[in-house]
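Just below is one structure, and these are the notes that go with it.
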Amino acid sequence: DPLAGIIPRALSQLFDELRISNTEYTVRVSYLELYNEELFDLLSSSEDNSKLRIYEDVTRKGSNIVNGLEEITVYNKNEVYKIMAQGQERKKVASTLMNAQSSRSHTVFTIVIHMKENSPEGEELVKIGKLNLVDLAGSENISKAGSDNPAKRERARECVNINQSLLTLGRVITALVERHPHIPYRESKLTRILQESLGGRTKTSIIATISPGHKDLEETMSTLEYAHRAKNIQNKPEVNQKMTKKAILKEYAEEIDRLKRDLQAARDKSGVYLANETFAEMTLKQEEQKKEIQELLLKKKAMEDERDRMVAVFADLSQQLEQRD
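Okay, so the sequence shown: first residue is 46 according to this note's numbering, each after it adds one.
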């Protein structure tokens, strides 16, 4: 398809390479949207997005996972068009004075590949690869973007959130280029999601799209400056290592055990003597403790979900191998 974009072209090439690799594999995709600093699953039939939360990936330091995000198994490159159409229907777009179909959000289309083989000792070895295709909403001038309908105020609010997350991304880029001791990844959900791609262990490519129009000179210069700074970031790519099923599941089991211990420690704080003995401080302490316990419960559930997902992946790969034999 001469009109195909980056996502279908990437999947097409991946399937061509996998087909000649002569190994067992699964390809799964997810489609995440970040709109007004809230996460949305573009492939989920559920309207409840409160379950989507960002956690550190225990199997890969410096990487994050979005728990609760639906993954769809893709069996051939032709299926990607249907999946993309499904996601595009739910994506936030709106008419502005600059663009009739202006993207009001950032999106991340993730492709995860699990490849399986057996070691000479008969152990199952798995290699995991991931490709994130990130589409950042354009940095728009509020007065230019406007809107030709009564939703002008909403468009302005969206511009503020878009520009705010891009501003945080800019600070992260500056901190990395200037080698600051602290990198403000956690100041935005966007930068948390992109953490591994910015100064991490991955290969990263950036495509800056600009306008040749004179009226867009300010935005064009800003985008080019952004890209110029970003290209100076130094990543340290590492080849993904093959791991045994036992080793992968052991890492999740150890993290779940650690979270259980943290959870018990948080619960044991109840009844701790407060130095000031003021009711307000005691109430505040209890509320903080409740939040801490809730956060630990959610994180423990996230790790259990990831463990179960990996078990399902192993089962899927084993089933393919049996069918092939």
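C-beta: ideal position from N, C-alpha, C; glycine also.
Problem set entry | Unbroken alpha helix (DSSP H) run spanning Tyr230, endpoints | First-last for Tyr230: undefined, no H or E at that position.
For this session: Give the DSSP-derived three-state secondary structure of Ser108 in the structure shown.
Result: coil
Problem set entry | Within the stretch 236–289, ranges of the alpha helix (DSSP H) (whole runs, at least 4 residues) | 262–275
Exercise. Run through DSSP, which three-state label would Leu84 get?
Worked result: strand
Problem set entry | From His273, Lys336, Thr247 and Asp313, residue whose alpha carbon lies closest to that of Arg105 | Thr247
For this session: Answer yes or no: do Val222 and Ile156 have a C-beta to C-beta separation smaller than 8 Å?
Result: no
Problem set entry | Leu77, DSSP secondary structure in three states | strand
Exercise. Run through DSSP, which three-state label would Glu69 get?
Worked result: strand
For this session: Using three-state DSSP, classify Ser147 as helix, strand or coil.
Result: Confidence at Ser147 is low in this model, with a pLDDT of 49, below 50, so its placement is unreliable and the value that follows should be read with caution. It is a strand residue.
Problem set entry | Segment contact, 8 Å Cβ cut-off, at least three pairs: the stretch 163–173 with the stretch 75–83 | no
Problem set entry | Beta carbon of Gln172 nearer than 8 Å to that of Met160 | Per the sequence shown, the amino acid found at residue 172 is Lys instead of Gln. Taking 8 Å as the Cβ cut-off, Lys172 and Met160 qualify as a contacting pair.
Problem set entry | Through-space distance from Gln133 to Ser210, alpha-carbon basis | 22 Å
For this session: Rounded to whole angstroms, what's the CA-CA distance from Thr71 to Asp313? Just pull it up for me.
Result: 43 Å
Exercise. Quick one: what's got a C-beta closer than 8 Å to Pro53's C-beta in the same chain, skipping five residues either side?
Worked result: Asp46, Lys122, Val125, Tyr126 and Met129
For this session: Identify which residue in Val153, Arg149 and Ile99 has its Cα closest to the Cα of Leu87.
Result: Val153
Exercise. Near Arg274, what residues of its chain come up, given a Cβ to Cβ distance below 7 Å and the 5 sequence neighbours on each side ignored?
Worked result: Ile218, Thr219 and Val222
Problem set entry | Residues of its chain near Leu308, where Cβ-Cβ distance is below 8 Å and the 5 sequence neighbours each way are ignored | Ile338, Leu341, Leu342 and Lys345
Exercise. Terminal residues of the continuous alpha helix (DSSP H) containing Asp61?
Worked result: Ile51 to Arg64
For this session: Using three-state DSSP, classify Asp180 as helix, strand or coil.
Result: strand
Exercise. Can at least three beta-carbon pairs, one atom from the stretch 238–246 and one from the stretch 275–295, be found at a separation below 8 Å?
Worked result: yes
Problem set entry | Among Lys290, Glu92 and Lys96, the one whose alpha carbon lies nearest that of Ala371 | Within the shown structure, residues of the chain are numbered from 46 to 370, placing residue 371 beyond reach of any answer.
Problem set entry | Proximity to Ile228 [Cα-Cα], best of Arg216, Glu300 and Leu212 | Arg216
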